[in-house]
Each structure stands twice: as C-alpha cells, then as structure tokens.
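Below is one structure; the comments refer to it alone.
Residue numbers (my numbering): 2 to 138.
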C-alpha cells in the first residue's frame, strides 16, 4: 500500500463503483450529485481492496486480535477506514482506523509483538498482537 492509499473491503469498493456508474448516467446532475461523483472518484483513485498476505504483519485490511493492557478479553477488529468499511454490510466487527492512536502504533508490527502508544487519558497503553489475518469479509 502506498502513502495516501486506503484499504477498503472488496464489496465496499464494488458498491462505490456501482454508485458512481449510476450517478454518471444522470443527464443533468445537480450540484450535490456532481460533488458525490467527485468524492467517489477521488476515493476510488486512492483505494485498494486486495486481500493481504497471511504473514502476521499488521497492516490495513487485516483482522487483528489483540490484548490491551488491563483487559481480560482479547479485542478483535478490522484495521481499515471506518466510513468506507461501513459500505460493506458484512463487516460485523469493530473497525479501527489506521490513523487512530492504536492504528498508528500497531501498523508494521507482527503477531507476538507488544507495542506501547499514548492516548489523551493514558500516556502508556500496551497492546499485544495475538493474531493478524487477512480480512476476507
């Protein structure tokens, strides 16, 4: 994934392409339709939806299982853009943004790693990566 690229579930990407095709057929689109077309084109230009390799690397597009310090149960989430993942009705787990504090901290780590990150209320939150598998929907 290159800088500025966002990962989206394959079905969400298909939904955006379908919506763009429908909007593009309007013979005289109004201003809000034109704005939506522009937004979709921009998002599509910077999106990817390939299934990631199952190599234990934490990156957008992975279903991550992690243990936060102080928790007694593991947390499972999709690392991806929340608003784009919401386009896929099959996404039934929490979505953590790669730009969130936890997302920035864990990207590039591997299964078995423990990393520390800061939040506004806690300057030293530890998270252990238990699993990272490709999100397949």
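By construction, the Cβ of each residue, glycine as well, lies at the ideal position given by its N, Cα and C atoms.
Examine the Cβ distances between the segment 95-102 and the segment 28-38 and report whether three or more of them are shorter than 8 Å. no
Output needed for residue 115: all residues of its chain with C-beta closer than 8 Å, excluding positions within five of it in sequence on either side, in chain order. 127, 128, 129 and 130
Could you check whether residue 21 and residue 42 sit closer than 8 Å to each other, using their CB atoms as the reference points? yes
Curious, which full-length beta strand (DSSP E) runs of at least 3 residues does the segment 48-97 contain? 63-69, 76-80 and 95-97
Could you tell me whether the Cβ atoms of residue 79 and residue 59 are closer together than 8 Å? no
C-alpha gap between residue 75 and residue 33, whole angstroms: 43 Å
Can you grab the Cα-Cα spacing for the pair residue 122 / residue 106, in whole Å? 16 Å
For residue 135, report the span of its beta strand (DSSP E) as first-last. 126-135
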